[in-house]
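Taking this note's numbering, the leading residue of the sequence shown gets 5, the next gets one more, and so forth.
Where a beta carbon is used, it is the ideal one built from N, C-alpha and C, also for glycine.
Predicted model only: the values in this text are computed from it and were never measured.
First the structure, in the form of structure tokens, and then the observations on it.
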Amino acid sequence: MHTEPEDLARAAGPRVRAALAALPETQRALVGLTAGGRRTVAEAAAALGVRRTTARLRLRRARRTLRAAARTEAAERAAAALPLMLTYSGRRA
């Protein structure tokens, strides 16, 4: 599977897209290069001209940022759906 940062952004919600766009360029490139097993961290590091340990650290930071955005987005969706679920169960919100 070949995943580009633009593909990731299209598949994500608005918070994750904003978080991806706000990442430093190297972090965004690492996410795109390694997503879906496209390249190993070592291969991505070589392609970007950084040390493997530097790439691992930057990728870890990028993933942490994107996970936090995804959690926030999921929580917002759940909170928005709660009144609908209560209404359909016969209870009022």
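TODO: For T7, name the three-state secondary structure that DSSP assigns.
DONE: Within the sequence shown, the letter at position 3 stands for residue 7. Residue placement at T7 cannot be trusted, given a pLDDT of 49 that sits under 50; what the coordinates show is reported in the next sentence. Coil, per DSSP.
TODO: Report the three-state DSSP secondary structure of P18 (helix, strand or coil).
DONE: Position 14 of the sequence shown, counting from 1, holds the residue named residue 18. Three-state DSSP puts P18 in a helix.
- [ ] Examine the Cβ distances between the stretch 29–38 and the stretch 60–80 and report whether three or more of them are shorter than 8 Å.
- [x] Here the stretch 29–38 lies against the stretch 60–80, with 3 or more beta-carbon pairs under 8 Å apart.
Open item on the list: I need the DSSP call for R43, collapsed to helix, strand or coil.
Closed with: Sequence index remark: in the sequence shown, residue 43 carries index 39 (1-based). Note: R43 maps to coil in three-state DSSP.
TODO: Report the three-state DSSP secondary structure of V54 (helix, strand or coil).
DONE: Against the sequence shown, residue 54 aligns to sequence position 50. V54: coil per DSSP, three-state reduction.
Task: From L52, A46, A74, A48, residue whose alpha carbon lies closest to that of T17 - done: Residue 17 sits at position 13 when you count from the first residue of the sequence shown. In the sequence under discussion, the amino acid at residue 17 is Gly, which differs from the Thr named in the question. When each option's Cα is compared against that of G17, the closest is A74.
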